[in-house]
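Numbering (our numbering), first residue to last: 2 to 392.
Structure follows, in C-alpha cells:
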C-alpha cells in the first residue's frame, strides 16, 4: 500500500470542522440541535480533564520530544498494515478467580459473580515495557458476569467508556437487564486504568489511561482488546456458545477494534464510537487550542500526528467478521464523537448497518428504538452463525 492511500493522509487536516448532517437534523431540529448544545458544554469539562492528564506532553518541549521519538514506533507499525503484529493472540487458558464484590460494588438483581484474571499483555514497544507493566493494579482484570440458570447462554460483553467505568451506570444507561431478560448472559468488563485497575492516587477513573503519554495510551488501547479476547477464551472454555460485544464512546472504539481482531465474534455494535482521536481532540475546547500549537511546534502535521495513534484506529484495519454482523449507532446531536466520525466508520465498514438517534453522547433520545433494533440484530446475527456453522 502506498503511503498516500493511508486514511491518515487522505483525510483533510481540517476534517474536524467538516459538517456531516444526518437525516434526523431536519426531522427533529430541536432535539438534535438542543442536545448538541448540551453536549458542547459537557464536552468542555471532559476536554479539560483530558488536557490536564496530557499536560506534561503538551507543556514541556523536552518531554514532548522524547515522547514523540518513542511513539514513532507505533506509526511505523501501523503503516506496515499487518494486524497479526498488533493484535497478539491471548492465552488459551487464563486462570480466572471468582472474588467477592467490593462492599460498594454493584449487585444486579440477577444471578451473577465477579471474576478476576491476571492480564498476560506485553507491550509491543520494548522501550515502554517496564514502565507500563510497573502499574501492578492494571494487570488485574475484573469483570462481572450475569448468568442464567441451566447453563451458559449467548453472551454480550459490554465495554464502558472513558471515565464511566461503574457497572451500575452502564447497566442502567443501556438497559442491560432488559437484554438479560431477552435471554442473553451479560458480562461487564473493566478497561485498563479504570475502576479497580487504576493506580493510586488517581483523581478520576481513567486518569492514568492518558497521563503517562502517548506510548502508554497506545498500549492501553491494545491491552483492552487483548484483555477482552482473553476473557472470550475463558467464556468459550466454560461452554458459552456465542459472544458479541458492544460499548459506548471509548468502549465503542474498543468494540470496533475487536471486530478487526477476532473473527469469532457473533456481532459487534459500537455505540457513538471514537474513530480518530486526533481529529476529535482538535475539535474539542480547550484541547484543540493546545494541540494546534503543539503539532506544528513539534515539526509535524495533522496527518503525522494521526499516524502516531493510527495503530488503534478501526480505520487502519479491516473487519474480520461478516459485515452483516456489524451495527454502528450514533447520535445526531453528539458533539463528543460527532456524526462526521461515526459516519467514517460506517463507510469504512462496507455493508454494515447504521442507526442514528436524535440525541447526544449522554442523552440517548428514542433509545427504545435502538435497543429493540439491537435485540433483533443480535438475534439475526446469532441465527446467521448457526446457519453457517451447523452441528
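C-beta atoms are modelled at their ideal positions from N, C-alpha and C, and glycine is treated no differently.
Looking at the DSSP output, residue 50 bridges to nothing. The closest CA to that of residue 151, considering only 138, 126, 184, is found on 184. Cβ contact annotation for residue 153 (same chain, cutoff 8 Å, sequence separation greater than five): 186, 236, 239, 240, 241, 242, in chain order. Here residue 139 has 193, 194, 198 as same chain residues with Cβ atoms under 6 Å from its own Cβ, once five neighbours each way along the sequence are excluded. If the five residues before and after residue 28 are omitted, its C-beta is found closer than 8 Å to the C-beta atoms of 359, all from its own chain and listed in chain order.
Contact check for residue 346 against residue 329 passes: the beta carbons are separated by less than 8 Å. For residue 229, the closest alpha carbon among the candidates 349, 212, 216, 248 is that of 248. When rounded, the separation of the alpha-carbon atoms in residue 123 and residue 231 is 13 Å. Relative to residue 383, the option among 155, 68, 21 whose CA is nearest is 155. Residue 313 counts as buried, since at least 16 other C-beta atoms from the protein chains shown sit within 10 angstroms of its C-beta.
The DSSP-derived three-state label of residue 148 is coil. Note that the C-beta distance between residue 253 and residue 234 is not below 8 Å. One alpha carbon belongs to residue 100, the other to residue 14, and they sit about 48 Å apart. Here residue 317 is buried, its C-beta having at least 16 other C-beta atoms within 10 Å. Looking from the CA of residue 326, the closest CA among 337, 377, 353 belongs to 353. The straight-line gap separating the alpha-carbon atoms of residue 20 and residue 221 is approximately 31 Å.
Cβ contact annotation for residue 269 (same chain, cutoff 8 Å, sequence separation greater than five): 245, 246, 247, 256, 257, 259, 260, 320, 322, 326, 327, 328, in chain order. Selection 47, 12, 24, 10 evaluated against residue 289 yields 47 as nearest (Cα-Cα). Residue 307 and residue 340 have their C-alpha atoms roughly 19 Å apart. By DSSP's assignment, residue 270 forms a beta bridge with 247. The beta carbon of residue 162 is closer than 8 Å to those of 248, 249, 250, 251, 252, 253 in its chain, skipping five residues each way along the sequence. DSSP places residue 285 in no beta strand (DSSP E); its state is neither H nor E. Spatial neighbours of residue 226 in its own chain (CB-CB distance under 7 Å, excluding positions within 5 residues in sequence) are listed in chain order as 88, 255, 258, 259, 262.
Of the residues 157, 173, 129, 200, the one whose Cα lies closest to the Cα of residue 141 is 200. The segment 292-300 makes contact with the segment 62-73: 3 or more CB pairs, one atom from each, lie closer than 8 Å. Nearest in C-alpha terms to residue 264, of all of 324, 181, 212, is 324.
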